[in-house]
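Here's the structure, in structure tokens; my notes come after.
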Ligand SMILES: Nc1ncnc2c1ncn2[C@@H]1O[C@H](COP(=O)(O)OP(=O)(O)O)[C@@H](O)[C@H]1O
Ligand SMILES: [Mg+2]
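Residue numbers (the numbering used here): 2 to 258.
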């Protein structure tokens, strides 16, 4: 049985813009899958459906084999989403309070909620940020805190919208390493194909609101004509003449510049 399944999902925004025009996706227990596609292909719109923020015009979403229907609460409970802009989900005066917010909101007593939050910060290796104001953190730190705030509610599926967007190489590697260690099934929407290959075992290509191709990684991304056809760039790590070693050297140069 699939943890999450999307069947022929269609959605147009109220202004008439067609955003999803037939999306199919299935996630097995423990599977990490990448959702890749050019800008405007519908990645964010699809993720907003998975968390119940948007409802489809037609088609179906199933969680643990059961249709979601209008049960927005069930979607929120089961699916943890990291938004593209971490500032959209960080709003408490300190990191600890921010991570404790969800357990507090669901009725956990203050002290227990703070303990849970502190444990989660520890698990992600960011305890040192506990008393900092979230809006003063770096982009990478903000994303780690947002992740802590999601994981503390124990979601069954994690969905992430462009988690490496505008990160420096070091923060990007920290996010990648964290996601690699996690056992939770996840959908990683990104146009960073290198990150997709580092974290995920499968990928679905989205183009013009349709899921056009699904396959195993890294094999799927070795097909240059396929990627080009759907408006994607060949990942750096498999560009001819540039090994991943050379790329890492390149990153070091950037870091020490
Ligand atoms: N709030 C909105 N209102 C109208 N159209 C939108 C809105 N948000 C996104 N779109 C349109 O929906 C399509 C899919 O966008 P989006 O899901 O953001 O793609 P991606 O995340 O892959 O870049 C695009 O044509 C985009 O312009
Ligand atoms: Mg997007």
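Just so you know, even glycine gets a beta-carbon here, dropped at the ideal spot from N, CA and C.
Taking the Cα of residue 95 as reference, the smallest distance to any Cα among 35, 119, 124 is reached at 119. Per DSSP, residue 131 is not a residue of any beta strand (DSSP E), being assigned neither H nor E.
About 16 Å separates the CB atoms of residue 30 and residue 7; that is not less than 8 Å, and the two are not in contact.
Annotation for residue 19: the continuous beta strand (DSSP E) segment containing it runs 19-28. Here residue 191 is not near residue 20, since their CB atoms are 8 Å or more apart. Scanning the region 70-103 from its first residue to its last, the whole alpha helix (DSSP H) runs of 4-plus residues come out as 73-79. With a threshold of 16 other beta carbon atoms within 10 Å, residue 182 falls short and is exposed. Fewer than three pairs of CB atoms, one per stretch, sit closer than 8 Å, so the region 98-108 makes no contact with the region 54-70. Counting only runs of 4 or more residues that sit fully inside the region 139-201, the alpha helix (DSSP H) segments are 140-152, 170-182, 194-200, in chain order. Excluding five sequence positions before and after residue 97, the CB atoms of its chain that fall closer than 8 Å to its own CB belong to 115, 118, 119, 122, 131, 132, given in chain order.
Counting only residues of its own chain and dropping the five nearest sequence neighbours on each side, residue 223 has a CB closer than 8 Å to the CB of 239.
In this structure, DSSP gives residue 122 a helical state, which the three-state scheme calls helix.
Cα atoms of residue 177 and residue 169: separation of roughly 12 Å, rounded to the nearest angstrom. Of the candidates 149, 185, 93, 149 places its Cα closest to the Cα of residue 128.
DSSP places residue 8 in the uninterrupted beta strand (DSSP E) bounded by 5-13.
Around the CB of residue 88, fewer than 16 other CB atoms lie within 10 Å, so the residue is classed as exposed. Relative to ligand 2, residue 163 has its C-beta within less than 7 Å of a heavy atom.
With a 10 Å radius around the Cβ and a threshold of 16 neighbouring Cβ atoms, residue 84 comes out buried. For residue 92 and residue 146, the gap between their C-alpha atoms comes out near 11 Å. Looking at 51, 67, 2, 90, the one whose alpha-carbon comes closest to that of residue 143 is 90.
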